[in-house]
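Written out below as structure tokens is the structure these notes cover.
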Amino acid sequence: MTGREFFSRFPELYPFLLKQLETVANTVDSETGEPDRHPSMFLLLLVLERLYPSPMDGTSSALSLAPFVPFIIRCGCSPIYHSREMAARALVPFITIDQIPNTVRALLNSLPNSTNRCFRQNHIHGTLLQVFHLLQAYVTDSRHRTNADFQQELSDVIVCTKAKLWLATRKFKASLGYMTPYQSIIIIIIIIIIIIIIIIITT
Numbered sequence: 001m002t003g004r005e006f007f008s009r010f011p012e013l014y015p016f017l018l019k020q021l022e023t024v025a026n027t028v029d030s031e032t033g034e035p036d037r038h039p040s041m042f043l044l045l046l047v048l049e050r051l052y053p054s055p056m057d058g059t060s061s062a063l064s065l066a067p068f069v070p071f072i073i074r075c076g077c078s079p080i081y082h083s084r085e086m087a088a089r090a091l092v093p094f095i096t097i098d099q100i101p102n103t104v105r106a107l108l109n110s111l112p113n114s115t116n117r118c119f120r121q122n123h124i125h126g127t128l129l130q131v132f133h134l135l136q137a138y139v140t141d142s143r144h145r146t147n148a149d150f151q152q153e154l155s156d157v158i159v160c161t162k163a164k165l166w167l168a169t170r171k172f173k174a175s176l177g178y179m180t181p182y183q184s185i186i187i188i189i190i191i192i193i194i195i196i197i198i199i200i201i202t203t
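Numbers 1 to 203, taken from our numbering, label the letters of the sequence shown in order.
Here it is in structure tokens:
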């Protein structure tokens, strides 16, 4: 069911779900908060994962799914692995195929550079999960291949990905002062992202 259809049937749920999602996202951002003890987090992400963007989404601001996107992305920074995974899956239905390259670039650009001194590994891991799931959806949908800007969009994504490859190097380990289990996961995700891009280009 599309978001437009769902919220047309239950219009009172639009502001309610949006407000609840904002509240959850704010607790995730809070250093002292306990986001995953918020009872509605998993339920919210589960419901949103089932909604799909309408081809007419965006023509009516009252029914657009766009306001949900930033809050879903923020939920991807949760300290709980399962929450980050759910947020990544929930984001996919809210991003139309033609918006995926721009969204992926924006997500990659939000990751720290090698000059940054403050790292939030949950943010890095959650963002890479979102990139992974978006590219996975992109590679399984052939409609985008007719886009004249297809090759350029992928080239831009590759450039952004290369700029973040340092997260899979010893320099990242040295900046932390130690190796964490998440670094191994981050390395694997980056490799998979690169493989997916190569598959898209060569098929």
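All residues carry an ideal CB built from backbone N, CA and C; glycine is no exception. It should be emphasised that the depicted structure is a prediction, and the values quoted were computed from it without experimental measurement.
*According to the neighbour-count rule (16 or more other Cβ atoms, all chains shown, within 10 Å of its Cβ), is R4 buried or exposed?*
buried
_For T2, three-class secondary structure by DSSP_ = strand
*If we ignore side chains and look at the alpha-carbon of each, how far apart do P15 and H133 end up?*
27 angstroms
*Test item: CB-CB of N122 and P79 under 9 angstroms*: yes
*By Cβ distance, which residues of its chain are closer than 6 angstroms to E49, with the 5 residues on each side in sequence left out?*
R89 and A90
*Rounded straight-line distance, which links the Cα of I97 to that of D141*: 8 angstroms
*Going by CA-CA distance only, name the one from K162, F150, H125 and L18 that's closest to Y81.*
H125
*Indicate whether E85 and L128 have their beta-carbon atoms separated by less than 9 angstroms.*
no
_Can you give me the C-alpha to C-alpha distance between C160 and L108, rounded to a whole angstrom?_
6 angstroms
*Residues that DSSP places opposite Y52 in a beta bridge*: T2
*From E12 to V69, what distance separates their C-alpha atoms?*
19 angstroms
*Hey, how far is the Cα of R74 from the Cα of V28?*
7 angstroms
*asked:* Measuring only the C-alpha atoms, how far is L154 from V139?
replied: 11 angstroms
*For M179, count neighbouring Cβ atoms within 10 angstroms of its own Cβ and tell me buried if that reaches 16, exposed if not.*
For M179, the predicted model reports a pLDDT of 46, less than 50, meaning its position is unreliable; a value from the coordinates is still stated below. Classification for M179: exposed.
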